[in-house]
Every structure is written in C-alpha cells, then in structure tokens.
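Q: Sharing a structure below in structure tokens format, with a few things to ask.
Number of protein chains: 2
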Amino acid sequence: MNEQEKTLCEAKAAVLKALAHPTRLWMAEQLAGGEKCVCEFVGAMDFDFSTISKHLAVLKQAGIVEVDKRGKQVFYRLKVPCVLNFMNCVEAVIKAQGKDQAALMRHL
Amino acid sequence: MNEQEKTLCEAKAAVLKALAHPTRLWMAEQLAGGEKCVCEFVGAMDFDFSTISKHLAVLKQAGIVEVDKRGKQVFYRLKVPCVLNFMNCVEAVIKAQGKDQAALMRHL
DNA sequence: TGCATGTTTGGCATAATATGCAAATGTTAG
DNA sequence: CTAACATTTGCATATTATGCCAAACATGCA
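These protein sequences, in sequence, are chains P and S. With UniProt numbering applied, the first sequence covers 1 to 108. With UniProt numbering applied, the second sequence covers 1 to 108.
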C-alpha cells in the first residue's frame, strides 16, 4: 500500500463512512425518490431539526448530496445517484450472512 | 422511518461501516484479484500481524469475506464480489466533489 | 515430542469522536 | 416585525475504534 493508494483509500472510506449510519443511509434512500426539504425529514423522523441538519451536512460534505435553497426551504438531492445502486449489493451481503435474520430478510 | 426500516438500515450501515476504513477497504480491493492469506497482507502493509487479523475479522463478521483455512495458512476471499462494483460509484462521488484533488483524481 | 511458522485473542492506552439535544443565530417571505 | 425554515455552536455523554504487545492456539515438520 503506497502513499497514493493510501490517500485514495482514505477518500473512498470517507464517502462510505458518511453512508455508514442508519439515519443518513435512510435519508439517502429517501432522496432516491426525488429531492426533499429538511422539513420533510423532520416530519418523518423523530429527531431534532438540528440533528437532521447535521446529518445532511455530513452527506453534503462527503459529496453525496447537493443543496438547492428555494425560498424558505432547503432542498437536498442525490448528487451521484449511483450510490443507491450498490445498496442492492449491500443487501446481498446481508442475505449471504445467512444468520438468523429471517425477519429482516423478508423485507429485502 | 418505522421499526423495520430502522432495523434494515442499521444492518446495511453496519456493512458499509466495515468497509469505511482505509485499511479494510484496501484489503477488500486486494481480494478482488483472488484470495490472499493473512501473511500476504502483513508483507504488504506496515502493521502488526494482530492488527491485520483484527481488521479481517471485522470484514468477516460483516459478511464481506469468508475464510478458508489450509494448512498453516488462513486464506480470505470475497464472499460477495459485487462489493467492489460500487467502488466505481464511490470514485464517481470523489470525482464529483471537484475539490482541489487533482492529484488524487489522476489516479482514479 | 518439540520447534517454527502462521494466526487469533485478550488486554490495554489513547485518542478520537460521533451522537443528539438545547439555545442562539441566520434567512426568507409576507 | 414576525413566523417558518434552517444552520451553527456548545456541550455532555458515551462509545468505541485503533494498533501495539504479549500470550495462547493451530499446524506441519524434524
């Protein structure tokens, strides 16, 4: 692992890390259906406004979402939609785990 | 976000989290070229044997790699090869960040 | 049996650091 | 100016990831 590889891996890991949180993952998936404003997330989750705003900031800084401010509202949308394609694969991993996750797997 | 969604998102996030570390990401990518034994990783990285073993255990427990013990050596291989497909997308995210990462991007 | 090689585990220090709430601050529309 | 929408700051808290060391375990070979 040379220096360049290391730097590149760190950059990639940072992107994955941003998605490696249940709340952020869920929000990213919601954005697959189109842009959403912060207030919509606040309505859908039982978190403080500031908490949600922070999570979105993490996704934004990772380059996963982009922001569009319109009027009083701030809309977030996926910047690189392919991030959701690989959720299929993550689900495949979970299925392959073959643990006692029957209940979980029924929803994949 | 109901209970089921939450549980599922937690499971997915756990998989991503396992890959969200430079060392583990690098190892997973190395495995794309075929199985490797622990000692090969030790030779390629400047980490303690135990450190590498622990990282591999994280990947294993996440369901990303599987183990094959042959003789004195332990071989690891990708259990769900598609995990590497989405690296293309992660790289796309990095490219899209368009920050001052020219040096980094030249290696994507 | 005993030793060398390869690997895992337990313990540990350290630092990091993520999370989510509360309060204060911005921003826009009306 | 006020209300609605959003971000930032500060903070407490707990968590916990990381990587080294030493010890234990496993396997093959002499």
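We put the beta carbon where it would ideally sit given N, CA and C, even for glycine.
List, in chain order, every chain P residue whose beta-carbon is nearer than 8 Å to that of S:Gly63.
A: Simply Val93, Ile94, Ala96 and Gln97.
Q: State the beta-bridge partners of S:Cys37 as determined by DSSP.
A: For S:Cys37, which the question treats as bridged, DSSP gives the partners S:Phe75.
Q: Specify the secondary structure class of S:Val83 as computed by DSSP and reduced to three states.
A: Looking at S:Val83 - three-state DSSP - the assignment turns out to be helix.
Q: Answer yes or no: do P:Leu31 and P:Val67 have a C-beta to C-beta separation smaller than 9 Å?
A: Cβ atoms of P:Leu31 and P:Val67: not closer than 9 Å.
Q: Report yes or no: do three or more beta-carbon pairs, one from the segment 1 to 9 of chain P and one from the segment 48 to 56 of chain P, lie closer than 8 Å?
A: With a cut-off of 8 Å, the segment 48 to 56 of chain P and the segment 1 to 9 of chain P do not count as touching, because too few Cβ pairs lie within range.
Q: Would you say the segment 15 to 30 of chain P touches the segment 12 to 23 of chain S, given that touching needs at least three Cβ pairs under 8 Å?
A: Result yes; three or more Cβ-Cβ pairs closer than 8 Å.
Q: Who are the neighbours of P:Cys89 on chain S, taking C-beta pairs under 7 Å?
A: Within chain S, the residues near P:Cys89 are Val80, Cys82, Val83, Asn85 and Phe86.
Q: Assign P:Gly71 to buried or exposed, taking buried as 16 or more other Cβ atoms, counted over all protein chains shown, within 10 Å of its Cβ.
A: P:Gly71 should be labelled exposed.
Q: Taking Cβ-Cβ distances shorter than 8 Å, what residues in chain S pair up with P:Leu31?
A: Per Cβ cutoff of 8 Å: no residues; P:Leu31 is ~14 Å from chain S at best.
Q: Which residue's Cα is closest to the Cα of P:His55: P:Gly33, P:Gly34 and P:Leu19?
A: Answer by Cα proximity: P:Leu19.
Q: Check the Cβ of S:Val15 against every Cβ in chain P and list those closer than 7 Å, keeping chain order.
A: What S:Val15 touches in chain P: Val90, Val93 and Ile94.
Q: For residue 111 of chain P, tell me which candidate among S:Met1, S:Gly33, S:Leu16 and S:Ile52 has the shortest Cα-Cα distance.
A: Absent from the structure is residue 111 of chain P, since the part of chain P shown begins at 1 and ends at 108.
Q: Note down, in chain order, every chain P residue with its Cβ under 8 Å from the Cβ of S:Leu56.
A: Within chain P, no residue comes near S:Leu56; the closest Cβ sits about 15 Å away, beyond 8 Å.
Q: From P:Glu35 to S:Phe86, what distance separates their C-alpha atoms?
A: Approximately 22 Å between the Cα atoms of the pair.
Q: Could you work out which residue in S:Ala92, S:Ile94, S:Val42 and S:Gly63 is closest to S:Arg77 when comparing CA atoms only?
A: Considering only alpha carbons, the answer is S:Gly63.
Q: Which partner residues does S:Glu66 have in the DSSP bridge list?
A: Beta-bridge pairing links S:Glu66 to S:Arg77.
Q: Within a Cβ cutoff of 7 Å, which residues of the same chain sit near S:Cys37, ignoring the five residues on either side of it in sequence?
A: If we look at S:Cys37 and ignore the five residues flanking it on each side, its Cβ neighbours are Gln73, Val74 and Phe75.
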